[in-house]
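Residue numbers (the numbering used here): 2 to 349. Cβ coordinates follow ideal geometry from the N, Cα and C atoms, glycine included. Values in this document were obtained by computation on a predicted structure and should not be read as measured data. So the structure is just underneath, and the comments pick up after that.
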Ligand SMILES: [Zn+2]
Ligand SMILES: [Zn+2]
């Protein structure tokens, strides 16, 4: 294969850390909008806008209103990190190097036809359509046996790594389970084998008892600042009832409601809606692996506002330094939400 050709996509495994790295040279050809323009959304209309549909790769999924206008649109990423048509070969090189073909899925989920509407300001109904789309795409790719995992994430704002201003999130489905998820799974399995219960359910029970890191609770979900939050104002949203798979989520409007409240509170507390969020779910269930994470894992959304660039210390150690006491962050966010919704439908 010629270097730089679109076919060059591969996975390489680091023999020391076990981390899989995606080698995707064409990602460097992505058309970054100029930083100032991106910040202000001046490139209007962009290729994600209404009327520009012919400029995107072929649509894979779409939600329309009664007038036939699209409200959420999904298509393959034009500059994918992984390719649907790549072969899933595996080979060894030399003593211990391993590589695989860059097989996988990389999709863009355009969350609204409106260029200037910020995700934080979406009406709850629109957020509900977005999370519905997440669920349906995750289900869809679950049918592809070679895929083991599906990750949905959003980079909001240039500082968070977005390369397009227009509100969108991304889906990446991979033939290997991400290391971060593997680590969570290993600890969750360990806890389960000792206690015969899900570690996230146990965590929820503790947090509901202690209350000091709770931000908000509605009928089906809890938002909290984790005990050992890695980043300032890191927030997790978890379903109250045990559930490993986001694909089984039925309470879409309840999830959209709590997501909106948390993002609004974060934007208010920090002055600017800049964040990343990542949906952590159990790996797809596969016959070949006979592994069932149904009772062991508990899906959750991790929100990281103002993501800091990893610096030497973090790279070197895997430790994090968080300058904000988690209980204080929770208290600030809790108060902001309380003001918004009123005490009547608060946490108790
Ligand atoms: Zn646009
Ligand atoms: Zn659980």
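If you look at residue 210, you'll find it in the alpha helix (DSSP H) that goes 200-211. Beta-bridge partners assigned by DSSP to residue 99: 14, 93.
Relative to the non-hydrogen atoms of ligand 1, the Cβ of residue 232 never comes closer than 6 Å to any of them. Spanning the alpha carbons of residue 126 and residue 97 requires a straight line of approximately 51 Å. In the structure shown, the three-state DSSP call for residue 77 is strand. Between residue 147 and residue 176, the gap from beta carbon to beta carbon is short of 7 Å.
Listed in chain order, the alpha helix (DSSP H) runs fully inside the stretch 148-201 are 180-196, counting runs of at least 4 residues. In the DSSP assignment, residue 21 forms a beta bridge with 14.
Residue 299 is not bridged by DSSP to any residue. With contacts defined as CB atoms closer than 7 Å, residue 189 and residue 297 qualify as a contacting pair. Inter-segment contact for the stretch 269-285 and the stretch 216-227 is absent: fewer than three beta-carbon pairs are separated by less than 8 Å. Per DSSP, the continuous alpha helix (DSSP H) segment holding residue 329 begins and ends at 327-342. When the beta-carbon positions are compared, residue 248 and residue 139 come within less than 7 Å of each other.
CA-CA distance, residue 173 to residue 196, rounds to 33 Å. Remark: C-beta atoms of residue 157 and residue 276 approach each other more closely than 7 Å.
Under the three-state reduction of DSSP output, residue 217 falls in the strand class. For residue 130, the uninterrupted alpha helix (DSSP H) segment begins and ends at 125-143. Between residue 338 and residue 216 a beta carbon distance of about 6 Å is seen, short of the 8 Å cut, so the two are scored as contacting. Collapsing the DSSP output to three states places residue 111 in a strand. Per the C-alpha coordinates, the member of 105, 106, 124, 104 positioned closest to residue 113 is 124.
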